[in-house]
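Participant: Have a look at this one.
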Amino acid sequence: MKKFLLLPSIAALALSGCGSSDPATVTPNTSVIPVTDPNAVPEGTTLKIALLETTDIHQNILSYDYYGLKADTSLGLERTAALISAARAENPNNVLLDDGDVIQGTLLGDYQAIASPVTCSGTLAVYKVMNALKYDGAGMGNHEFNYGLNFLSQITNTDFGLPDVSKTGNCGAPNFPLVLSNVVGASSQKPIFNPTSIIPKQFTATKPDGSTMSVKLNVGIMGFVPPQIMDWDQKSLAGKVVVNGLQESANKYVPELRSKGADLVVALSHGGLDASPYSPKMENGSLHLTSTGIDALMLGHAHLIFPKAKEAGGPAIDASLAALPAAQVDTTKGLVNGVPAVMAQSWGRRLGIIQMTLKYQGGKWVVQKDLTNVEARGFKYKDGTTIVDADASIAPLVDTEHKATISYATQALGTTTDFEMSAYFALVGDVSAIQIVNQAQIDYVKSFIASSTDATLASYKSIPVISCSAPFKAGRNGPTDFTDVAPTATAASPVGLQVRNPGDLYLYGNNNLQAVKIKGSDLKNWLETAANQFAKIDPTLTTEQDLVPSYSTIYNYDVFYAENNALKYQIDVTQPAGKRIVNLTYAGKAIADTDDFIVATNDYRAGGGGNFPGIDGSKTIIKSPDANQAVVSNYVKKQGKITSAANGSGQSWSFVKVDAKGPVILRSAPGKMAVAQALGLSRVKSEGALDASGYAKYAIDLSK
């Protein structure tokens, strides 16, 4: 039989025209050229996309400082919104994600969670803004757990499936998926949030012939928090949830995401970079996620910039990141073991951008690693000088909450102070913003022990109670991030302290007061660990040396105090870490390793936060139901008047004198030389030029 060739045009008519023959009736001897699916992606098609990241917003929605009641143009999601708009214009194919620590961190957060909790019918202010900005997805941070599981369940409209955790009604919540891959119910072993999510995006791709087509890209996300949440928020989480290791969780969920059709897998890891050997208990284990098959890594928690800033005159990479092995971490290109990674600092001050090119090969999208570009874009990205304007559409969304927070912040405490309590020079001896916190904590613990009916606690009445607190706001988040409570007992400013002031002195409203019983040897180790904040100073160098090269862990610089300034110690910064504490005395006598002390601190530190040797929860003797911030506030109210002589000049520590040949500098807020002089800090000699981040370089004379 003669075979006939059906021409393509005729075939198309036969298969698609009205009254056409059923394809099944075509004679077996007729050859048919298959019709190409018009939606099929041609081999070699390319797709350019941008993954956008915010992280550690901490309820900084507006460019405003609620503690100082003033504008602060260095921060705020309303300015990040402008960066988002610009990045979206540059990259029409984009995915906007957040890496956690959203709900806590300012008085706005405390107001909505504690002072006047948002109702089920309402939506948390920061989520209202994120909804308006059309986020595509988000992970969780450790601070999401600070206000308890019931509050978190309500504001995210999530049923955790946990006993004693209620989820009522259909509450206001984010309009985008929230993921958390390594936290499960203690009994059920089921994730409390969805461990993963696939975000379907319709993007424009370029075919090999240069024409464009619409394609679907499935972006898979998963999220991780540090295992230490079980220590930091023990009161809320113990017995209810369990935190699994990052690597173990990722190894489970990456293949699952792929099997469900994810073309790209992004890890939202609320943790920094630590090149130490992997442990499921690592606080900053994000580096080890790069071995699990992910395509991109979004970082948080450390409040740092990664990769280094690209704008002209931008800040240098933090010393902790610069010290990582170059073979693993490329701080210029933003690669971690070859995987693109970004950390957008904190408080909305930067936008992470990972630009990627994908090519359609062998029926799937393949990342072209040599065409990847990573940026942590700041407010001055255009020219290194001009700060982007705030997005005018954001402030009206939270105007009611903003005004209510200011009203809350300015409520009177009925107490005055005759001196400025600041942290500008806390790293060179000033205790004006620390002593009152330590005094409040000592007063609380002594009263707790004295009134206790517990026989064991009663037996501790003769043990000295000392206290430690860190300068929480001392430059970690930039040159405007310093505690500064102005004097009020003056004719020009007779108004007393306000609700906002204890929050400035003690930043973390979620910390609860705890006390630990330790030995003198523990105290020495504790102080040595705190002294790691300082660089090792070489007195023979003639070049500039930075006394505190990184503020990333300033919250671990514990300053100790005892009543009547009975505790004294010195720090020798010429010695290596672990050998810096000398002349440690109590009541004029050298402290022996076997001496007993009770230390008033917070639940974060008492439970092991900061990895202080021997302080791991096992020595805790008091677990107070009261927050440290509330303890400070109540103590301040009780005093009536705070004076420099009684509450702000009890310096327990000093430097061992060093005669350095070259300049030693401390970076702090500019224009504060008068503060140092008023404090009598003669070792602060002069104010120098600004560094790239906007800190002033103050000359420090360690021989004083």
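With our numbering, you'll find the sequence shown wraps up at 706, consecutive numbering, no jumps. Virtual Cβ for every residue (Gly too), placed ideally from N, Cα, C.
Please identify the residue among Ala442, Gly316 and Thr334 whose C-alpha is closest to the C-alpha of Val634.
Facilitator: Answer by Cα proximity: Ala442.
Participant: Per the DSSP calculation, Lys699 is bridged to which residue(s)?
Facilitator: Beta-bridge pairing links Lys699 to Arg669.
Participant: With DSSP run on the structure shown, which of helix, strand or coil describes Lys192?
Facilitator: Here Lys192 sits in coil by DSSP.
Participant: Select from Ala252, Arg351 and Ala264 the residue whose C-alpha is nearest the C-alpha of Leu77.
Facilitator: Comparing Cα-Cα distances from Leu77 to each of Ala252, Arg351 and Ala264, the minimum goes to Arg351.
Participant: When DSSP labels each residue in this structure, what does Ile105 get in the three-state scheme?
Facilitator: Reduced to three states, the DSSP call for Ile105 is coil.
Participant: Since Gly610 and Asp233 should fall inside the 8 Å C-beta cutoff, what is the C-beta to C-beta distance between them, to a whole number of angstroms?
Facilitator: Between Asp233 and Gly610 the Cβ distance is about 5 Å, and since that is below 8 Å, they are a contact.
Participant: May I have a chain-ordered list of the alpha helix (DSSP H) segments no shorter than 4 residues that lie completely inside the segment 226–256?
Facilitator: You should have 231–234 and 236–239.
Participant: I'd like to check one pair, Lys475 with Gln411: are the Cβ atoms closer than 7 Å?
Facilitator: Contrary to the premise, residue 411 reads as Ala rather than Gln in this sequence. No, the pair does not count as a contact, with Cβ atoms beyond the cut-off.
Participant: How big is the Cα-Cα spacing for Asn513 and Met423?
Facilitator: Distance between the alpha carbons of Asn513 and Met423: 21 Å.
Participant: Just to confirm before moving on: does the CB-CB distance between Gly150 and Ser238 stay below 7 Å?
Facilitator: Yes, these two residues count as a Cβ contact at 7 Å.
Participant: Would you check if there are 3 or more beta carbon pairs closer than 8 Å linking the segment 618–633 to the segment 390–398?
Facilitator: In short, these stretches do not touch, since the Cβ pair count stays below three.
Participant: Assign Glu92 to buried or exposed, taking buried as 16 or more other Cβ atoms, counted over all protein chains shown, within 10 Å of its Cβ.
Facilitator: Classification of Glu92: exposed, given that the 10 Å Cβ count is below 16.
Participant: Taking the alpha-carbon of Gly590 as reference, which of Tyr571, Ala602, Val601 and Lys581 has the nearest alpha-carbon?
Facilitator: Checked all of Tyr571, Ala602, Val601 and Lys581; the closest Cα to Gly590 is Tyr571.
Participant: How many angstroms separate the CA atom of Leu79 from the CA atom of Asp112?
Facilitator: Straight-line Cα distance between these residues: approximately 18 Å.
Participant: Using DSSP bridges, identify the partner residues of Thr48.
Facilitator: Paired residue(s): Thr208 and Lys361.
Participant: Over the uninterrupted beta strand (DSSP E) stretch that includes Tyr559, give me the two end residues.
Facilitator: Taken as a continuous stretch (DSSP letters only), Tyr559 belongs to no beta strand (DSSP E), as it is neither H nor E.
Participant: Taking 6 Å as the limit between beta carbons, can you name the residues of its chain near Gly664, skipping five residues before and five after?
Facilitator: Leu543, Thr544 and Thr545, listed in sequence order.
Participant: Consult DSSP for Leu291 and reduce its assignment to one of helix, strand or coil.
Facilitator: Correct three-state label for Leu291: helix.
Participant: Let me check understanding here. Comparing Cα to Cα, which of Ala140, Tyr66 and Asn534 lies closest to Tyr553?
Facilitator: Measuring from the Cα of Tyr553, the nearest candidate turns out to be Asn534.
Participant: Taking 6 Å as the cut-off, is the C-beta of Asn534 nearer than that to any heavy atom in the ligand FAD?
Facilitator: Looking for the ligand FAD in the displayed structure turns up nothing, as the structure carries no ligands at all.
Participant: Please classify Asp486: does DSSP put it in a helix, a strand, or coil?
Facilitator: Strand, per DSSP.
Participant: Cα separation between Met215 and Val344?
Facilitator: Rounded to whole angstroms, Met215 to Val344 spans 29 Å at the Cα level.
Participant: Quick one: residues in its chain with C-beta nearer than 6 Å to the C-beta of Tyr510, no 5 flanking neighbours on either side, listed in chain order?
Facilitator: Around Tyr510: no qualifying Cβ.
Participant: What distance in whole Å lies between the Cβ atoms of Leu266 and Asp297, which are believed to be in contact at a cut-off of 8 Å?
Facilitator: That belief holds up - the Cβ atoms of Asp297 and Leu266 are roughly 5 Å apart, short of 8 Å.
Participant: Cα-Cα, which of Ala701, Asn339 and Pro257 is closest to Leu683?
Facilitator: The shortest Cα separation from Leu683 among Ala701, Asn339 and Pro257 belongs to Ala701.
Participant: By Cβ distance, which residues of its chain are closer than 8 Å to Asn567, with the 5 residues on each side in sequence left out?
Facilitator: Gly652, Gln653 and Ser654, listed in sequence order.
Participant: Please report the Cβ distance between Val660 and Ile539, rounded to the nearest whole angstrom; I am assuming they are in contact, meaning their Cβ atoms lie under 8 Å.
Facilitator: Their Cβ separation, rounded to whole angstroms, is 6 Å, which keeps Val660 and Ile539 in contact under 8 Å.
Participant: Check each candidate in Leu291, Thr47, Tyr69 and Ala84 and name the one with the smallest Cα separation from Ala397.
Facilitator: Ranking the options by Cα distance to Ala397, first place goes to Ala84.
Participant: Please work out which residues of its chain come closer than 7 Å, Cβ to Cβ, to Asp483, disregarding the five sequence neighbours upstream and downstream, and give them in chain order.
Facilitator: Excluding residues within five positions, the ones whose Cβ falls inside 7 Å are Lys475 and Gly477.
Participant: Just how far apart, CA to CA, sit Thr402 and Gly225?
Facilitator: One C-alpha to the other measures close to 32 Å.
Participant: Roughly how many whole angstroms lie between the Cα atoms of Arg502 and Asn636?
Facilitator: About 13 Å.
Participant: Are there three or more Cβ pairs, one per stretch, closer than 8 Å when the segment 283–290 is compared with the segment 310–318?
Facilitator: With a cut-off of 8 Å, the segment 310–318 and the segment 283–290 do not count as touching, because too few Cβ pairs lie within range.
Participant: Among the candidates Leu110, Gly642 and Ala602, whose CA atom is the shortest distance from the CA of Ala564?
Facilitator: Minimum Cα distance to Ala564 is reached at Ala602.
Participant: Spatial neighbours of Gln236 within its chain, please: CB distance less than 6 Å, with the 5 preceding and 5 following residues excluded, ordered by chain position.
Facilitator: Taken in chain order, the residues that qualify are Gly609.
Participant: Please report the distance separating the alpha-carbon of Pro541 from that of Val666.
Facilitator: The straight-line gap from Cα to Cα measures roughly 9 Å.
Participant: Could you please give the first and the last residue of the uninterrupted beta strand (DSSP E) stretch that includes Phe599?
Facilitator: Phe599 -> beta strand (DSSP E) spans Asp598 to Asn604.
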